[in-house]
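A.B. asks:
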Amino acid sequence: TLEQLRENLRYRYPDLQIAGSYSPPFHPISREEDETIIANINKAGADFVWVGLGAPKQERWMASHQGKIHGLMVGVGAGFDYLAGNIKRAPKWMQENNLEWFYRLMQEPVRLFGRYWHTNRKFIWNAYIKGK
934 TLEQLRENLR
944 YRYPDLQIAG
954 SYSPPFHPIS
964 REEDETIIAN
974 INKAGADFVW
984 VGLGAPKQER
994 WMASHQGKIH
1004 GLMVGVGAGF
1014 DYLAGNIKRA
1024 PKWMQENNLE
1034 WFYRLMQEPV
1044 RLFGRYWHTN
1054 RKFIWNAYIK
1064 GK
C-alpha cells in the first residue's frame, strides 16, 4: 500500500514533498522500537504526520504520542487505501449526494455496521435533543 500510495501521490501532486513513510509491524512494539519510530519521524522534519492505522487505533496512537511528535498529526483512516487504489470509491452520484458512507456499508457490512450503528445512533439522538 505505501509504495502504491507514494506513486499515486507523486503522479497527482508532482511538487509534493514526502519526508518519509513507515508501516508499523502487526505485533505490539517495544518501548525501544517506539522511541526509534518517534526519533525517525522527528528527524524526517515533516510538517504533517498522516496516520493511517484505522479507527480507533490511530486516535489512540496519536493521543499517546502527543507532545512527542513534532509535526501536526492527522488521522486519515482508510484515506491511504483510497489514494493507493486499494478501495474503490463510490459512484460519483453517491459522492455528490453524501452517500459514500452507505456505499462503504454495502461493501463491508460486517465490519462497518456495528461502528455506524453505534456512532450514528448517538449523533442522531444528540442532534434531535439539541434541535428541540
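The sequence shown begins at 934 in this note's numbering and counts up by one. Glycine included, C-beta positions come from ideal geometry on N, C-alpha and C. These numbers come from a predicted model, not from an experiment.
1) In whole angstroms, what is the alpha-carbon distance linking Ala977 and Ala996?
2) Under 8 angstroms by Cβ, that's how I've got Arg939 and Ser954 pegged, so tell me the actual separation to the nearest angstrom.
3) Are the Cβ atoms of Phe1013 and Gly985 separated by less than 8 angstroms?
4) Taking the runs of the beta strand (DSSP E) that are 3 residues or longer, which of them lie wholly in the stretch 991-1017?
5) Measuring CB to CB, does Leu1005 end up less than 8 angstroms from Asp980?
6) Counting C-beta neighbours from all protein chains within 10 Å, is the total for Val1007 16 or more, i.e. buried, or is it exposed?
7) Report buried or exposed for Ile1057, applying the criterion of at least 16 other Cβ atoms within 10 angstroms of its Cβ.
8) Determine the burial state of Val982: buried for a count of at least 16 other Cβ atoms within 10 Å of its Cβ, exposed for fewer.
C.D. replies: Inspection of the coordinates gives the following:
1) Reading the sequence shown from its first residue, position 44 is the one you call residue 977. Reading the sequence shown from its first residue, position 63 is the one you call residue 996. Their Cα atoms are separated by approximately 20 angstroms.
2) Taking the sequence shown and counting its residues from 1, one reaches residue 939 at position 6. Taking the sequence shown and counting its residues from 1, one reaches residue 954 at position 21. Indeed they touch by this definition, with Cβ atoms about 6 angstroms apart.
3) For this step, residue 1013 is matched to residue 80 along the sequence shown. For this step, residue 985 is matched to residue 52 along the sequence shown. For Phe1013 and Gly985, yes; Cβs fall inside 8 angstroms.
4) 1005-1008
5) The residue labelled residue 1005 in the question sits at position 72 within the sequence shown. The residue labelled residue 980 in the question sits at position 47 within the sequence shown. Cβ distance < 8 angstroms, so Leu1005 and Asp980 count as in contact.
6) Along the sequence shown, one-based indexing puts residue 1007 at 74. It is exposed - the Cβ of Val1007 has fewer than 16 other Cβ atoms within 10 Å.
7) By one-based count along the sequence shown, residue 1057 stands at place 124. Label assigned to Ile1057: exposed.
8) As a first step, residue 982 is located in the sequence shown; it is residue number 49 there, counting from the start. Counting Cβ neighbours within 10 Å, Val982 comes out buried, since at least 16 surround it.
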